[in-house]
Amino acid sequence: MNQDLSIISLIMHASLTVQLVIAALLLVSLASWSVIFSKLISLSRVKARNEHFEQEFWSGKNLNDLYNSVSNHQDGAPLERIFASGMREFLKLRERRVSEPTALLDGARRAMRASFQRELDAMESHLSFLASVGSVSPYVGLFGTIWGIMHAFVGLSNLTQVTLATVAPGIAEALVATAIGLFAAIPAVLAYNRFARQIDRNAITLESFIEEFSNILQRNAGQPAPAAAR
1 MNQDLSIISL IMHASLTVQL VIAALLLVSL ASWSVIFSKL ISLSRVKARN
51 EHFEQEFWSG KNLNDLYNSV SNHQDGAPLE RIFASGMREF LKLRERRVSE
101 PTALLDGARR AMRASFQREL DAMESHLSFL ASVGSVSPYV GLFGTIWGIM
151 HAFVGLSNLT QVTLATVAPG IAEALVATAI GLFAAIPAVL AYNRFARQID
201 RNAITLESFI EEFSNILQRN AGQPAPAAAR
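No gaps in the numbering here: position 32 of the sequence shown is 32 in UniProt numbering, and each next residue is one more.
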């Protein structure tokens with residue numbers, strides 16, 4: 001009896017529609033776990049690289065030297081790319097003989113805001129997939145359960161005597177779909193909430209840096225030489 005009601009046995013004896021639903025949910029669950037582990041690694045790397053760049057930025061290093069060192073980085077921190085985009089636009093406007101401090105600062109801020117949005121989009125990639133898995137999987141599992149129960153009762157209609165022993169296997173087979181739907185949804189929801197909080201904190205860090213660096217550029221906008229002071 002225990003063997004007959006094992007998870008594998010229930011899935012093997014379920015109807016084709018329920019088996020397809022379970023297979024789809026298992027594939028979605030596997031994909032969501034892949035996204036979860038990938039996001040864990042990437043967001044941890046983003047935090048570590050941002051912290052390293054912040055230490056370097058506030059160490060008092062010359063801005064031009066810092067810009068030259070980070071502008072060639074292909075896989076740097078989001079803060080590095082935001083800094084590089086703002087510094088690049090600031091220096092480009094200076095080369096074009098733009099001397100108005102407001103114009104210099106506005107150009108640098110627009111470049112940094114555009115870079116900020118690109119970085120935010122990159123950090124938020126695949127989050128919508130986790131949200132979809134968390135919200136849709138239970139309903140897909142419920143569909144499999146309802147279909148399985150309907151199929152079980154249709155089969156029972158041909159029996160002259162219905163007992164708990166004849167009803168239980170069919171109902172159990174159907175409920176497996178709901179269980180697997182929850183198995184796919186719960187980790188996705190928990191991961192989505194955690195990643196959303198981490199991304200919000202990263203976004204605050206990036207926006208704070210933009211404001212701080214803008215203040216530095218504003219102090220240097222009226223100087224004839226490229227910004228180098230803090």
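Even for Gly, the Cβ is constructed at its ideal location relative to N, Cα and C.
Remember, it's a predicted structure, so these values are computed and weren't measured experimentally.
In the structure shown, residue 64 falls within a helical segment according to DSSP collapsed to helix, strand and coil. Sequence-distant Cβ neighbours of residue 29 in its own chain, meaning closer than 7 angstroms and more than five residues away, are 183 and 184. About 6 angstroms separates the beta carbon of residue 14 from that of residue 148, a gap short enough to meet the 8 angstroms contact definition. For the set 21, 203 and 35, the Cα lying nearest the Cα of residue 121 is the one of 203.
The residue from 81, 130 and 93 with its alpha-carbon nearest to that of residue 112 is 81. Here the segment 35-45 does not lie against the segment 82-91, with fewer than 3 beta-carbon pairs under 8 angstroms apart.
Here the alpha carbon of residue 10 sits roughly 10 angstroms from the alpha carbon of residue 18. Boundaries cannot be given for residue 58, as no alpha helix (DSSP H) includes it and DSSP labels it neither H nor E.
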